[in-house]
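Numbering (the numbering used here), first residue to last: 90 to 244.
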């Protein structure tokens, strides 16, 4: 029993070591720019999950697009991300900003979609009327052909 207690004490002592925060990299990406990057990453991941075949067939690599847009490289992003993740409170605040931005973007797209909605309903009504007219003409033609066939067979 005594050795079990000693073993648990050693494990607890070893697991309670101090975790050091990584040093700030020389090429640290600014906090606001990281929020922009995270926002774009979320949008690109959504696009990737919806249209992965289209992206692959066109040879589009979304991460590369982000690196080019923000003029960074992957290792700089990894170092900056590691630095920001070491402070969970600030990291959480950054993602709250990302979420707020995504909600604003969604609201903008929703308002655009709503403004186009009356036009879409009008187009749907026009298309429906055109289908009805085509069907009516088709029925008239079919009725006319059957009348012609009936007359021909009576001769």
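Backbone N, C-alpha and C define an ideal beta-carbon position, used for all residues, glycine too.
Here the stretch 176-192 makes no contact with the stretch 156-164; the two share fewer than three CB pairs at distances below 8 Å. A straight-line Cα-Cα distance of about 16 Å links residue 170 and residue 153. With respect to the 8 Å criterion, residue 124 and residue 167 are not classified as neighbours on the basis of their beta carbons. Here residue 198 is exposed. Its C-beta has fewer than 16 other C-beta atoms within 10 Å. Nearest in C-alpha terms to residue 114, of all of 91, 141, 165 and 229, is 165. No Cβ-Cβ contact shorter than 8 Å links residue 184 with residue 117.
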